[in-house]
Every structure is written in C-alpha cells, then in structure tokens.
Amino acid sequence: MSRMCNGAKMFVDGIIQNATSSIISHPFLKKFANGEIRDSEVIRRWALARYLSSSKFPELVKSAIAVCGEQDSKLTRVLEKNLRDELKPMPHPEMFRNFLLSLGIQREEFEAYLRINKTIIYPANIITIMGTKPETIAAVMLVIEVMIGIECTEVARGLRTVYGESLDLLFFDFHGVQDLSTHLKPFQRIVVDYAVDEVKRREIDLVVSPTIDSKLSFYDQFRVI
Ligand SMILES: [Fe+2]
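Residue 16 is where the sequence shown starts when you use this note's numbering, and the numbers rise one by one after that.
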C-alpha cells in the first residue's frame, strides 16, 4: 500500500473512531446502555422519538440517491442496496412497531405520534449537511452507519438489563449487526478512495462533525436523571 493510500485509510479510521467515541460517550446513551435509565416514561418518550427518526430514514437515503445520481454509480448502487435492506428480509418500520408493542405502546399511540410529526423530514439538517458531492454523501452515510450500529447495540444491551427478555429487540439486534458488519464497509471503501485527494479530504472533514452533532442532538433532548 502506498503512503498516500495508507494516509487515506488512517484518515477514514479517524472518522470512524470519532463517530464511535462520540456516540458511545453520550451521557444519556451511556446510562441507557448500562440499564441505569429505569423511568418507563423516559423510555417511552425515547422509543417514540426514535421510531419517528427510524421511519423517516428511507427519505434520507432516497435523497442521497437522487443527489448522487450519475456522479458515482458505485455509491449509488451501495445506497440503493441500503434502501432495499430497509425493507428486506423484514421491513424495519415493522420491526420497530413490534418493539413498541412489546413495550406496551399501543398502535393508535404511535400512529398518532407519526401523524403529528409527519411534516418532519428525516433529519432535515443531515440532508443539508450531506451536500451534493459523492465524497460528502458517502462520508455522511459512513458516520450514520457507525453511529446507528453502535447505538442499536448499546440500546439492546440496556433494554435487556431493564426488561430482561420480555421485549422484542429484533430491530436493535438486527440493525446493530447489519450496520457494523455489512453497511459500514462499502461506504468506508468509497470514502478511502476519495480521501487520497487533499481537497476532498478537507470537504469530507467539513461534513463529519455536523453529522455527528446532528445524531447526538437526538440524545441531547433526553435529560440524564
Ligand atoms: Fe444501515
């Protein structure tokens, strides 16, 4: 491997490390993962808000596909596969609804929640941050896959501590593994390819922190008790 490629790989490893440590050390998620959030009202509020962002996720990927278009056909194919994986083998919204039901949140309640918040486009600011260049789109997606993969793994750990095996945690178990073992890699490779260029590296750098902050801001709405 040339020095340049090595540099690109280190650069991208740094992004993954940054995204990992930011989500893992968020005070709320940390307490949640350790089973220290036991207020069922807080967990219900978190679950409904998380359902909303999960159900809007395909909008983000569709928007990325539309912007990427012909610019980078490899990236477009990865994004399209990502979108298909949202529906197969089991639709992610359905998995999440099964989780909500097992938590005792009734169908009418989460449907009403979605209706009230229907104008929210999945995180609108992430679509803006993503920009119009394939290197920034790939970098934003990479950060998101890392953070959601870790979030799902940690959440499943915390919910098991509090509720034992009484909850349907398939959404989190499945997502945690899928994002970290299969979704992350293709985006990682694409960002490494772009990151051999100093100019592109600077562009990538500009989107990484805002994407991390945007994901963390979801957890900032929950107070640590
Ligand atoms: Fe994913």
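No residue lacks a Cβ here, since even glycine has one placed at the ideal position from N, Cα and C.
Check	Outcome
So Val76 and Asn97 are supposed to be a Cβ contact under 8 Å. How far apart are they, rounded?	5 Å
Under 6 Å: does the beta carbon of Glu51 sit that close to some heavy atom of ligand 1?	no
Assuming Pro149 and Asp87 form a contact by the criterion Cβ under 8 Å, report the distance between their Cβ atoms to the nearest whole angstrom.	4 Å
Does the beta-carbon of Val161 have 16 or more other beta-carbons within 10 angstroms, so that it is buried, or is it exposed?	buried
Where Tyr209 and Glu74 are concerned, what is the direct C-alpha to C-alpha distance, given to the nearest angstrom?	25 Å
Tell me the DSSP secondary structure of Thr26 in three-state form.	Rather than Thr, the amino acid found at residue 26 in this sequence is Phe. The answer is helix: DSSP assigns Phe26 an H, G or I state.
What are the start and end residues of the alpha helix (DSSP H) that includes Val158?	Pro149 to Tyr178
Please classify Met25: is it buried, with 16 or more other beta-carbons within 10 angstroms of its beta-carbon, or exposed?	exposed
Considering only the alpha carbon of each residue, which of Ile165, Gly146 and Val207 lies closest to Val222?	Gly146
Indicate whether the contact test is met: 3 or more Cβ pairs, each with one atom in the stretch 110–123 and one in the stretch 171–186, closer than 8 Å.	yes
So, under 8 Å CB-CB, Ser69 and Phe125 are touching, yes? Tell me the CB distance rounded to an integer number of Å.	The Cβ separation is near 11 Å, so there is no contact.
Excluding the 5 residues flanking Leu129 on each side, which residues of the same chain have their C-beta closer than 8 Å to its C-beta?	Tyr66, Leu67 and Ser70
Can you say whether Val214 is buried or exposed, counting buried as having 16 or more other CB atoms within 10 angstroms of its CB?	exposed
Going along the chain, which residues of its own chain have a beta-carbon closer than 8 Å to the beta-carbon of Asp302, five neighbours each way excluded?	There is no way to answer for residue 302, as the model of the chain reaches only from 16 to 240.
Can you give me the Cβ contacts of Leu231 inside the same chain, cut-off strictly under 8 Å, excluding the 5 residues immediately before and after it?	Ser37, Ile38 and His41
State buried or exposed for Met105, treating a residue as buried only when at least 16 other CB atoms are found within 10 Å of its CB.	exposed
Report the three-state DSSP secondary structure of Phe1 (helix, strand or coil).	Past the edges of the chain, shown from 16 to 240, lies residue 1, and the structure says nothing about it.
For Leu75, which three-state DSSP category applies?	helix
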